[in-house]
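Below is one structure; the comments refer to it alone.
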Amino acid sequence: MASVTRTHRPSARVHAKALRILAAGRAEVIDRQPHRDAVRIEGDHGTYVVVREGPQVTCPCPAIRPCSHALAALIATGRRRP
Ligand SMILES: [Zn+2]
């Protein structure tokens with residue numbers, strides 16, 4: 001389970017991957033509310049539903065560090081700038 005906060009600074013590699021996911025249309029916003037979002041991300045190795053609750057964002061992928069899925073979800077919901 002990878003988690004990230006909205007203010008975390010991702011590596012350039014993770015950032016580039018997130019932008020690639022978005023450009024390919026592989027991020028689908030399922031739910032967008034003031035305190036909770038859910039976004040389905042089609043990653044390279046599987047499909048993950050990223051959930052944001054308050055400031056915390058979690059992705060069920062096996063990555064230990066903040067992942068491109070979580071970042072792509074934040075950008076897709078307009079919580080972060082690309
Ligand atoms: Zn992930």
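Residues in the sequence shown are numbered from 1 upward in steps of one, following the working numbering. Ideal Cβ placement from N, Cα and C applies to all residues, glycine included.
DSSP puts residue i in a beta bridge; with which residues?
i	result
ILE41	ALA27 and TYR48
ARG81	DSSP, once it has assigned bridges, lists no residue as partnering ARG81.
ARG20	For ARG20, which the question treats as bridged, DSSP gives no partner whatsoever.
ARG65	Per DSSP, none; premise fails for ARG65.
ARG9	None; ARG9 has no bridge partner.
What residue range is occupied by the uninterrupted beta strand (DSSP E) comprising residue i?
i	result
GLN56	56 to 59
Could you tell me the boundaries of the alpha helix (DSSP H) in which residue i lies?
i	result
ILE75	68 to 76
Looking only at its own chain, which residues have a Cβ that is under 6 Å from the Cβ of residue i, when we skip the five neighbours before and after it?
i	result
TYR48	ILE41, CYS59, PRO60, CYS61 and HIS69
PRO82	ILE75
GLY43	HIS69
Taking the beta carbon of residue i as the centre, do at least 16 other beta carbons fall within 10 Å, making it buried, or is it exposed?
i	result
PRO55	exposed
VAL29	exposed
PRO34	exposed
Rounded C-beta distance between residue i and residue j? I'm assuming under 8 Å.
i	j	result
VAL39	ALA27	6 Å
ALA73	ARG52	7 Å
Spatial neighbours of residue i within its chain, please: CB distance less than 7 Å, with the 5 preceding and 5 following residues excluded, ordered by chain position.
i	result
ASP31	ASP37 and ALA38
GLY78	none
Kindly list the residues whose CB is nearer than 8 Å to the CB of residue i, restricted to its own chain and excluding five residues on each side of it in sequence; keep chain order.
i	result
LEU22	ALA72, ILE75, ALA76 and PRO82
PRO10	VAL4, ALA18, PRO66, SER68 and LEU71
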